[in-house]
Amino acid sequence: MRVMRLADVPTTERDRVFRYSPARALSSVFALIGISAGVAWLGWQRHAWPLFVFSGLLLLVLLPMQRLILARFRATNWLARMSDPGMFIQFRSYLNYHFPAEALTVVLIPYHEIRSARRVRQRRRVPSMGERDGSSEQVRTVVELELAGDTAPLAPALAAELAAPAPKEARWYGSTATRYEHHPARLLSPTCLEVEWGVVPNARAFLDGLRGYTEIEPPVETSQDYLHLQTKSRDEQEKRLLELAESGQVMTAITIARRLYGYDLTTARAFVEDLRGGQGRLGGPPLPPTSST
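Every number in this note's numbering is 256 more than the matching position in the sequence shown, counting from 1.
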């Protein structure tokens, strides 16, 4: 196993590349434009000016989506590459392409270091952000790679990427710093790497490509309830909150921390960030809630 910069990844025409679909991004854009045009046509037919306003508001949605869409057309948009020397996994989100290029964000795993692999369909029941007693179900697909090699070089690189601050970017009105909480890979244990699979080709195709190199275990489905963590121990609560934060669900983790411990938003955010930095209060009493005025 070797951790490297993105620029140091060798590429050939023989590589099989798994990336986030540009076609899906374009289809969303065209669908939104089509809906906007339909609303505008209806407004023209009925002489209803509010519909024209609504049509324009729909198009304004494309402005904040612009960066997310364009990111899928960059050369940095890939999650995995199956190459001759092994498999490359990029654990920096393709959305954070503006982060420093000198960081170590790709791991090369030789095929002989993969002991087994499997597809996991995860279901999570989490609190709704807007409703006090509401809930929603999240479904995602991940690939778990059981590794035989030494993962010591990978753990600090993952932690560094997780904690990396957003770089400032100059704008005509000043400067901004944008960081997307999307973390496609994490270590479940010293020997197990979990990779979130939202790319094409799908996880089945990826595992079929690995079949000649390692054992492919049967797919499994898991279900976890994050609604009733008050019945769990403090250690288990923090473990579950860290799982959410490391998989990019930072705001969900903050929401749950506020409900569990009575924190205000600032204290809950700091608490979750401490968990991500390995500074949680495992086994200790909850921090007192901070009063707000």
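Just so it is clear, CB atoms sit at the ideal spot from N, CA and C, and this is done for glycine as well.
- [ ] Would you kindly work out how many angstroms separate the C-alpha atoms of residue 458 and residue 530, rounded to a whole number?
- [x] When rounded, the distance between both Cα atoms is 34 angstroms.
- [ ] Using the Cα positions of residue 464 and residue 261, report the straight-line distance between them to the nearest angstrom.
- [x] Each residue's alpha carbon lies about 27 angstroms from the other.
TODO: Decide if residue 329 is buried, meaning its Cβ has at least 16 other Cβ atoms within 10 Å, or exposed.
DONE: Exposed, since its Cβ has fewer than 16 Cβ neighbours within 10 Å.
Open item on the list: As a quick exercise: from 363, 303, 274, pick the residue whose alpha carbon is nearest that of residue 336.
Closed with: The closest CA to that of residue 336, considering only 363, 303, 274, is found on 274.
Open item on the list: Our contact map puts residue 375 next to residue 361 with C-beta atoms below 8 angstroms; I'd like the distance itself, whole angstroms only.
Closed with: About 24 angstroms separates the CB atoms of residue 375 and residue 361; that is not less than 8 angstroms, and the two are not in contact.
- [ ] State whether the segment 308 to 328 contacts the segment 396 to 415, with contact taken as three or more CB pairs (one from each stretch) at a distance under 8 angstroms.
- [x] With a cut-off of 8 angstroms, the segment 396 to 415 and the segment 308 to 328 do not count as touching, because too few Cβ pairs lie within range.
Open item on the list: If you reduce the DSSP assignment to three classes, tell me which class residue 357 lands in.
Closed with: Three-state DSSP puts residue 357 in coil, outside helix and strand.
- [ ] Pull up the distance between the alpha-carbon of residue 483 and that of residue 512, whole angstroms please.
- [x] The alpha-carbon atoms of residue 483 and residue 512 are separated by roughly 8 angstroms.
TODO: Return the chain-ordered list of same chain residues with a C-beta closer than 6 angstroms to the C-beta of residue 343, the five sequence neighbours on each side being excluded.
DONE: Excluding residues up to 5 positions away in sequence, 365 lie with their Cβ nearer than 6 angstroms to the Cβ of residue 343 in the same chain.
Open item on the list: For a minimum of 3 consecutive residues, which ranges assigned as the beta strand (DSSP E) are wholly contained in the segment 409 to 447?
Closed with: The segment 409 to 447 contains these whole beta strand (DSSP E) runs: 424 to 427, 430 to 433, 441 to 445.
TODO: Tell me, please, whether the segment 429 to 439 touches the segment 347 to 356 by the rule of three or more beta-carbon pairs shorter than 8 angstroms.
DONE: Using a Cβ-Cβ distance cut-off of 8 angstroms, the segment 429 to 439 and the segment 347 to 356 are in contact, since at least three pairs of beta carbons, one from each stretch, lie closer than that value.
Open item on the list: How far does the beta strand (DSSP E) with residue 492 in it extend, from its first residue to its last?
Closed with: First-last for residue 492: 490 to 502, but that is the alpha helix (DSSP H), not the beta strand (DSSP E).
Open item on the list: Using beta carbons (cut-off 8 angstroms, strictly below), is residue 517 in contact with chain B?
Closed with: The structure shown contains no chain B; it holds only a single protein chain.
- [ ] Could you tell me whether the segment 511 to 526 touches the segment 448 to 455, where touching means 3 or more Cβ pairs closer than 8 angstroms?
- [x] They do not touch, by the three-pair rule.
Task: Reduced DSSP secondary structure (H/G/I, E/B, other) of residue 309 - done: Looking at residue 309 - three-state DSSP - the assignment turns out to be helix.
Open item on the list: Within the continuous beta strand (DSSP E) that includes residue 529, where are the two ends?
Closed with: Here residue 529 belongs to no beta strand (DSSP E); instead the alpha helix (DSSP H) covers 521 to 532.
Task: Assigned exposure category for residue 479 - 16 Cβ within 10 Å defines buried - done: It counts as exposed.
- [ ] In angstroms with no decimal places, state the Cα-to-Cα distance between residue 500 and residue 303.
- [x] Approximately 49 angstroms between the Cα atoms of the pair.
Task: beta strand (DSSP E) segment containing residue 321, residue limits - done: Segment 318 to 327 is the alpha helix (DSSP H) holding residue 321; no beta strand (DSSP E) there.
Open item on the list: Can you list, in chain order, the residues of its chain with a C-beta nearer than 8 angstroms to that of residue 283? Leave out the 5 residues immediately preceding and following it.
Closed with: Hits under 8 angstroms: none found.
Task: residue 395 versus 520, 477, 265, 292, residue with shortest Cα-Cα distance - done: Here the closest residue by C-alpha is 477.
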